[in-house]
Amino acid sequence: MKTLLLVAIGSAICNNVVLSQFLGLCPFLGVSKKTETAAGMGGAVIFVITIASFVCSLIYKFILTPLDITYLQTIVFILIIACLVQFVEMFLKKSIPSLYNALGVYLPLITTNCAVLGVAITNVQNNYSILTSVVNGLATAVGFFIAIVILAGIREKMEYNDIPKPFQGMAITLLSAGLMSIAFFGFSGVV
1 MKTLLLVAIG
11 SAICNNVVLS
21 QFLGLCPFLG
31 VSKKTETAAG
41 MGGAVIFVIT
51 IASFVCSLIY
61 KFILTPLDIT
71 YLQTIVFILI
81 IACLVQFVEM
91 FLKKSIPSLY
101 NALGVYLPLI
111 TTNCAVLGVA
121 ITNVQNNYSI
131 LTSVVNGLAT
141 AVGFFIAIVI
151 LAGIREKMEY
161 NDIPKPFQGM
171 AITLLSAGLM
181 SIAFFGFSGV
191 V
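In case it helps, our numbering puts the sequence shown at residues 1 to 191.
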């Protein structure tokens with residue numbers, strides 16, 4: 001249990017997938033203009049990464065490894081992730097069309113979000129058990145959720161500030177993300 005807690009804290013806070021590993025920057029920067037949209041993207045990423053971690057671990061341990069075809073892991077993981085994203089996209093289109101429209105092109109981009117694939121490959125490289133893989137995936141996704149919602153909140157507050165012209169737009173967003181990254185690096189000695 002202690003190991004699972006350390007993996008969870010390490011993945012969510014200390015080794016945040018966006019702010020310390022710099023994976024998943026496209027949706028992080030593209031969908032973080034409004035808090036509601038960022039929370040929706042974070043929720044979709046939580047679902048996809050958690051389920052992908054579980055399914056990828058199962059397939060790797062019970063199909064790829066026994067058949068000695070582990071060299072196909074990247075292709076198989078991408079196919080699994082693509083199927084899960086299609087499921088999320090269909091669900092949101094039917095259930096929450098406003099969020100589906102707000103996420104726009106960034107929802108299908110979860111398929112190519114390197115954070116999702118990165119977690120699946122990290123679980124295999126670290127030889128995590130299936131439970132540890134799921135905990136790592138969930139914690140990593142929660143870390144993504146925390147980072148994107150914080151950045152969205154900062155960006156919403158910055159709309160009301162007088163920002164010098166050279167820093168307007170993506171420049172101030174990248175600067176804010178860099179400062180957030182420095183703040184999260186402060187947790188690196190915790191675990």
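For each residue, glycine too, the CB sits at the ideal point set by N, CA and C.
What number of angstroms, rounded off, separates the C-alpha of I13 from the C-alpha of G42?
15 angstroms
Around the C-beta of T37, are 16 or more other C-beta atoms found within 10 angstroms, so that it is buried, or is it exposed?
buried
Nearest-angstrom Cα separation, counted from L67 out to Q73
Rounded to whole angstroms, the separation of the alpha carbons of L67 and Q73 is 12 angstroms.
Sequence-distant residues of the same chain with beta carbon closer than 7 angstroms to S11, five excluded per side
N136, A139, T140 and G143
Nonlocal neighbours in the same chain, by C-beta distance under 7 angstroms from A120, ignoring five residues either side
A52, S53, C56 and F77
Counted within 10 angstroms of its Cβ, other Cβ atoms place V105 as buried (16 or more) or exposed
exposed
Return the Cβ separation of V88 and A39 in integer angstroms, given the expectation that the two are a contact with Cβ distance under 8 angstroms.
Incorrect: roughly 15 angstroms between the Cβ atoms, too far for contact.
DSSP on Y216, reduced to helix/strand/coil?
No statement about residue 216 is possible, as the shown extent of the chain runs from 1 to 191 and does not include it.
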